[in-house]
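Undergrad: Mind having a look at this structure? Questions to follow.
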Amino acid sequence: MDNKPPFTYPALYDFPPFFTKQPNSQTWQSQLSNWVKLLLAYCKHNRIWILSPDGTPLTATSNDDDSDNEEFVPSTESIFNNEKIQRSIKPDMSLEILNTMVSQGKAKWKDPKNHKMGIYIYWYSLEAWADMIYDWIENTGQQNSVLTIYEIRKGELGHNQEFHNMDMDMFISVLELMVKKGQAQLIRDEDGSIAGIKVV
1 MDNKPPFTYP ALYDFPPFFT KQPNSQTWQS QLSNWVKLLL AYCKHNRIWI
51 LSPDGTPLTA TSNDDDSDNE EFVPSTESIF NNEKIQRSIK PDMSLEILNT
101 MVSQGKAKWK DPKNHKMGIY IYWYSLEAWA DMIYDWIENT GQQNSVLTIY
151 EIRKGELGHN QEFHNMDMDM FISVLELMVK KGQAQLIRDE DGSIAGIKVV
């Protein structure tokens with residue numbers, strides 16, 4: 001796994017009222033905005049791709065190519081629970097935070113009808129991820145070459161890229177967006193599954 005310092009929480013995280021929905025609408029909107037920023041920063045730092053509704057990581061990835069495990073859960077702790085000050089937010093409040101992220105295009109329920117499946121957290125928008133991969137392929141002189149999913153997601157050339165070891169389902173969504181934007185063509189196996197792309 002990556003050897004990096006633990007996530008630094010903002011001072012607001014140790015402020016007890018932060019864990020209770022404030023009755024004043026303007027205050028709540030500010031609180032909501034701060035929770036969204038915190039979740040994005042927390043998930044980006046820990047490379048968490050899918051979060052459970054209760055705030056615990058469901059899937060994350062490291063940048064360790066030597067690991068056979070594509071996914072691991074870095075912690076069983078919930079970001080919605082602060083043991084230091086013994087405060088946690090209620091499920092209806094966490095759901096409102098997550099649904100706000102969905103409405104802002106910063107998250108997407110894996111299954112809208114079954115929240116237990118978790119929610120994708122987009123530290124970058126899918127559009128930004130698509131542009132990032134496209135630029136990397138261009139900058140490394142791989143345009144017009146057929147690249148396998150493994151080469152992009154786990155290859156040595158992209159080891160220092162933020163999309164390295166991206167969650168597979170999210171990665172496929174990014175590739176499909178690249179096709180929609182006219183940036184790439186999908187290469188499929190005989191069974192129809194996506195095997196790679198060719199940037200055009």
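In the numbering used here, the protein residues as written are 1 to 200.
Built from N, CA and C at the ideal position, the CB exists for glycine as well.
None of the values given here were measured: they were computed from a predicted structure.
Give the DSSP-derived three-state secondary structure of P53 in the structure shown.
TA: P53: coil per DSSP, three-state reduction.
Undergrad: For K116, which residues in the same chain have their Cβ closer than 8 Å to its Cβ, ignoring the five residues on either side in sequence?
TA: If we look at K116 and ignore the five residues flanking it on each side, its Cβ neighbours are S52, P53.
Undergrad: Name the two residues that bound the continuous beta strand (DSSP E) containing W109.
TA: Where W109 is concerned, the enclosing beta strand (DSSP E) stretches over 107 to 109.
Undergrad: If distances are taken between C-alpha atoms only, which option among L126, K113, P57 comes closest to N213?
TA: This structure does not reach residue 213, given that the chain is present from 1 up to 200, and the question cannot be answered.
Undergrad: Which term fits D167, buried or exposed, when burial requires 16 or more other beta carbons within 10 angstroms of its beta carbon?
TA: The residue is buried, with at least 16 neighbouring Cβ atoms inside 10 Å.
Undergrad: S88 bridges to which residues according to DSSP?
TA: Its beta-bridge partners are N81.
Undergrad: Please determine, among I48, G155, K154, K84, the residue with the shortest C-alpha to C-alpha distance to Y124.
TA: Comparing Cα positions, the closest option is I48.
Undergrad: Specify the secondary structure class of F196 as computed by DSSP and reduced to three states.
TA: Inspection of the sequence shows that residue 196 is occupied by Gly rather than by Phe. Looking at G196 - three-state DSSP - the assignment turns out to be strand.
Undergrad: Starting from the Cα of D169, find the closest Cα among D92, P16, E83, Y120 and give me that residue.
TA: The shortest C-alpha separation from D169 is found at Y120.
Undergrad: For the ligand SAH, any of its heavy atoms closer than 7 Å to the Cβ of N24?
TA: Although the ligand SAH was asked about, the structure shown includes no ligands whatsoever.
Undergrad: Which residue marks the beginning of the beta strand (DSSP E) containing Y120, and which one marks its end?
TA: It spans 119 to 121 - the beta strand (DSSP E) in which Y120 sits, taken as one unbroken run.
Undergrad: Helix, strand or coil: how does DSSP classify R153 here?
TA: R153: helix per DSSP, three-state reduction.
Undergrad: Considering Cα atoms alone, identify which of T8, G55, E138, K198 is closest to M93.
TA: That would be G55, whose Cα lies nearest to the Cα of M93.
Undergrad: Excluding five sequence neighbours on each side, which residues of the same chain lie with their C-beta closer than 7 Å to the C-beta of V174?
TA: The answer, listed in chain order, is L126, W129, A130, I133.
Undergrad: Which of the three DSSP states is assigned to Q104 in this structure?
TA: If DSSP states are grouped into helix, strand and coil, Q104 belongs with coil.
Undergrad: Starting from the C-beta of T148, find all residues in its chain whose C-beta is less than 7 Å away, skip the five residues before and the five after it, and write them out in chain order.
TA: These residues qualify, in order along the chain: A195, G196.
Undergrad: Helix, strand or coil: which one does DSSP assign to S67?
TA: Confidence is the limiting factor: at S67 the pLDDT is only 44, short of 50, which leaves the residue's position unreliable and the question unanswerable from this model.
Undergrad: On the three-state DSSP scale, how would you describe Q31?
TA: Note: Q31 maps to helix in three-state DSSP.
Undergrad: Got a sec, what are the start and stop residues for the alpha helix (DSSP H) L177 sits in?
TA: Counting along the chain, the alpha helix (DSSP H) containing L177 begins and ends at 168 to 180.
Undergrad: In the DSSP assignment, what residue or residues form a beta bridge with V201?
TA: Residue 201 lies beyond the residue range present for the chain, which begins at 1 and ends at 200; the question has no answer from this structure.
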